[in-house]
Each structure stands twice: as C-alpha cells, then as structure tokens.
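For reference, the structure discussed in these notes is given below.
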Amino acid sequence: MEEIFTAWNIQNGGKRRAAIWLHINIVYKIWYWYTQAWWENNNMREEVVKRVAKARLRKSFMVLNKTLNNCFRCYLCPNKLYKNQQGLSCHASIVHYNYNIPTKHITPLPQEALDEFKNILIYTIQKQLKNNIKNIGLQSVKFPCLESLFVGVFGNYLTRYSPSRKWYQCIFKGENAVELVGQILERTNWSVRCYLYGQQTNVILFSSNSAINELKKNKCKKQKPIELCIEWEQYMIKDATNQISIAGYIMMHFFIEQIYFG
Ligand SMILES: [Zn+2]
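Right, dumping it as structure tokens:
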C-alpha cells in the first residue's frame, strides 16, 4: 500500500509524481465501483469491468501526457518541471549560471568548413569597422548559423550554455582577449581595419582610457560592457496547425573606436 502512494521504486521525480497520480486515480476508481456494487447490489460482469477499467486508464494516460507535454523541463535537472518558460529561465540563470558544456549530439564538421566559417566571422567583423566617425560605438551583427559551426569554433571557450533555451554565450574581454580571439580565428589582426592617411578602426576588448574617452566623446549612451559577446540561439515558429520551423542564429556585439596616426 505504501508503494502505491510513494512510488519509491521510480527514481525520476517527474515520473514518480505521475505514477502516484495514476495510482491514486485507479485506487479511487476501484473504490467507486466497489461501493457502487455494495450499496446498489449492482454486480458488474468481469468483462464489463475490464472494458471500463481499460477505457478509464486510457483517458487518465491522455490527461497525464497532456499535462507533462505542457510543462517546461530543465534538461540538467530532470526532476524540475515548470509551468512556463519564465520559471525555467529563472531556475537556469540561478542554478546553471556557469554551465558551459556543449551538447554531445553535434556532428563534428570538417576543418575546411570551420576555416571557412572563421573567414566569414572575420569578414563580418571587418565590414563593421567603417571609416566613419558616426559608426563608432556598439556594433551588433546577427545572421543564420549552424549550431555545429558555432560549437566547432567556440565550443572550448563557452561562458555559458543553456540546453533548455538552446543558447550559447562566449565573452571575450580584458588585455589578452584580442590575442585569444586571434588564435581562435587564426588571424592576428582580425580586430583592426586600416585606411589611408594613418587612419584605422579597431574592435575594443579592453577599457583603456583612450577607448572610454572616445566613446564618451561620441555620446554613446549604451551601458554595455567593453567586450566581444558572441551568442548562438535557436528560434522557433509554431503556427496554428502546430507546424514547427526552426533556425539557429549567431549574434555578435562589440565596441569599435577610431585611431589616427598623424
Ligand atoms: Zn536545472
């Protein structure tokens, strides 16, 4: 009897709760048939009881499945179920704020594909390094990207990975950050674009005085930290017929400054 109400033999918390719910439901129904037969002297035939029991059980399983499918589950703690995405995100940002191990189910790509992706990243950054004083400050770039490409290049440098949100984040900042990103992208001068007459535009990953003054001078009101933040996230569209469309995007945020060599 104790096992019916505790389901102690089931390890997974979510499944245990579901089993207890089912057990109690079934005990209640058996009790209902018993009292009905006792008080109304209405002896149901065995086949009828079996048929009714089967139908009731099927209905209970359907309700249970619907309830579990509507819950949001933490992939890192299988016992944790949340009613909505906000609850799950709140849990993940508190408990798994420094989790950074990428998913194992990603097919490794050939080195040629990774090298080509590195070139795309360098080109995208260089494109933002314009020779125009109006363009300095925070830059944000976003474009579709395979998860396998992102993990192939940045998998060892993740600051955070959220399996529930399907979101990765890498943050590069500080004195050695330019060098480290250069090693990852295999291009030393990835952060600099040179123009004629000693003019150049740079990515800033370290808040030196010159960088701060330059940003203040241009009335940059954004309070984002001086860093290169690279994220990958999966987006989903679900239409009225439950048709699902999925795409992954890479996002890059960084500050740029202009330097003149007279
Ligand atoms: Zn968790």
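Residues in the sequence shown are numbered from 314 upward in steps of one, following my numbering. All residues carry an ideal CB built from backbone N, CA and C; glycine is no exception.
*Hey, which unbroken runs of the alpha helix (DSSP H) at 4 residues or more fall wholly within the stretch 468-519?*
Every alpha helix (DSSP H) stretch that sits fully inside the stretch 468-519 and reaches 4 residues is listed by chain position as 490-498.
**Inter-residue spacing [alpha-carbon to alpha-carbon] between C403 and R386** = As a working mapping, residue 403 is identified with position 90 in the sequence shown. As a working mapping, residue 386 is identified with position 73 in the sequence shown. If you take the alpha carbons of C403 and R386, they lie about 12 angstroms apart.
Notebook entry, point to check: Which residue spans inside the stretch 429-454 form an unbroken beta strand (DSSP E) run of at least 3?
Noted result: Whole beta strand (DSSP E) segments, 3+ residues: zero.
Supposed close pair L389, Y412 - CB separation, criterion 8 angstroms: The residue you call residue 389 lines up with position 76 of the sequence shown. The residue you call residue 412 lines up with position 99 of the sequence shown. Beta-carbon to beta-carbon, L389 and Y412 are separated by about 7 angstroms, close enough to satisfy the 8 angstroms threshold.
Classify K396 as buried or exposed, calling it buried when 16 or more other Cβ atoms lie within 10 Å of its own Cβ. As a first step, residue 396 is located in the sequence shown; it is residue number 83 there, counting from the start. Counting C-beta atoms within 10 angstroms of its own C-beta, K396 has fewer than 16 neighbours from the protein chains shown and is therefore classed as exposed.
Self-check item: Beta-ladder partner(s) of R386, from DSSP
Solution: Numbered from 1 along the sequence shown, position 73 holds the residue referred to as residue 386. In DSSP, R386 forms a bridge with L394.
**Beta carbon of Q482 nearer than 8 angstroms to that of E544** = The sequence position of residue 482 within the sequence shown is 169, counting from 1. The sequence position of residue 544 within the sequence shown is 231, counting from 1. Yes, the pair counts as a contact, with Cβ atoms nearer than the cut-off.
- Burial state of K393, where buried means 16 or more other Cβ atoms lie within 10 Å: Residue 393 sits at position 80 when you count from the first residue of the sequence shown. Under this definition K393 is a buried residue.
> Can you give the Cα-Cα distance for R473 and K479, rounded to whole angstroms?
Replying inline: For the purposes of this step, residue 473 is taken as the residue at position 160 of the sequence shown. For the purposes of this step, residue 479 is taken as the residue at position 166 of the sequence shown. Approximately 11 angstroms between the Cα atoms of the pair.
query = Within 7 angstroms: the Cβ of C387 and any heavy atom of ligand 1?
reply = Here residue 387 is taken as the residue at index 74 of the sequence shown, counted from 1. True, at least one ligand heavy atom lies under 7 angstroms from that Cβ.
Alpha-carbon to alpha-carbon, G450 and N432: Start at 1 with the first residue of the sequence shown, and residue 432 comes out as number 119. Start at 1 with the first residue of the sequence shown, and residue 450 comes out as number 137. C-alpha separation (whole angstroms): 23 angstroms.
Taking 8 angstroms as the cut-off, decide whether the C-beta atoms of L401 and I569 are in contact. Along the sequence shown, read from residue 1 onward, the residue named residue 401 stands at position 88. Along the sequence shown, read from residue 1 onward, the residue named residue 569 stands at position 256. In terms of Cβ geometry, L401 and I569 do not form a close pair [threshold 8 angstroms].
Margin query: Measuring only the C-alpha atoms, how far is L518 from F567?
Written below: Residue mapping note: residue 518 aligns to position 205 of the sequence shown, counting from 1. Residue mapping note: residue 567 aligns to position 254 of the sequence shown, counting from 1. Inter-residue distance for L518 and F567 is about 8 angstroms (C-alpha atoms, whole angstroms).
If you draw a straight line from the alpha carbon of R371 to that of A405, how long is it in whole angstroms? The residue you call residue 371 lines up with position 58 of the sequence shown. The residue you call residue 405 lines up with position 92 of the sequence shown. A405 has its alpha-carbon roughly 34 angstroms from the corresponding atom of R371.
(request) Give me the Cβ distance between Q513 and I572, rounded to the nearest whole Å; I'm assuming they're in contact under 8 angstroms. (result) Position 200 of the sequence shown, counting from 1, holds the residue named residue 513. Position 259 of the sequence shown, counting from 1, holds the residue named residue 572. Right, the Cβ-Cβ distance comes to about 5 angstroms (below 8 angstroms), so this counts as a contact.
Compute the Euclidean distance between the alpha carbons of Y508 and N515, then round it to the nearest angstrom. To locate residue 508, count along the sequence shown from 1; it is residue 195. To locate residue 515, count along the sequence shown from 1; it is residue 202. N515 has its alpha-carbon roughly 11 angstroms from the corresponding atom of Y508.
| said: Looking at the secondary structure, which residues open and close the beta strand (DSSP E) in which C542 lies? | reply: On the sequence shown, position 229 is the one that residue 542 refers to. Residues L541 to K551.
Next item on the list: Report the partner residues of Y410 according to the DSSP bridge assignment.
Entry: Within the sequence shown, residue 410 is the residue found at index 97, counting from 1. According to DSSP, Y410 bridges with nothing at all.
Discussion item. Just to confirm, is the Cβ distance from I419 to S475 under 8 angstroms?
Written reply: Your numbering for residue 419 matches position 106 in the sequence shown. Your numbering for residue 475 matches position 162 in the sequence shown. Inclusion of I419 and S475 in the CB contact set at 8 angstroms is not warranted, their separation being larger than that value.
- So Q571 is in the beta strand (DSSP E); what residue range does that whole segment cover? Counted from its first residue, the sequence shown places residue 571 at position 258. I557 to Y573 is the span of the beta strand (DSSP E), which, as asked, contains Q571.
**OP:** Output the distance between the C-alpha atoms of K486 and I539, rounded to the nearest integer angstrom.
**Re:** The sequence position of residue 486 within the sequence shown is 173, counting from 1. The sequence position of residue 539 within the sequence shown is 226, counting from 1. Their backbone Cα atoms lie some 7 angstroms apart in a straight line.
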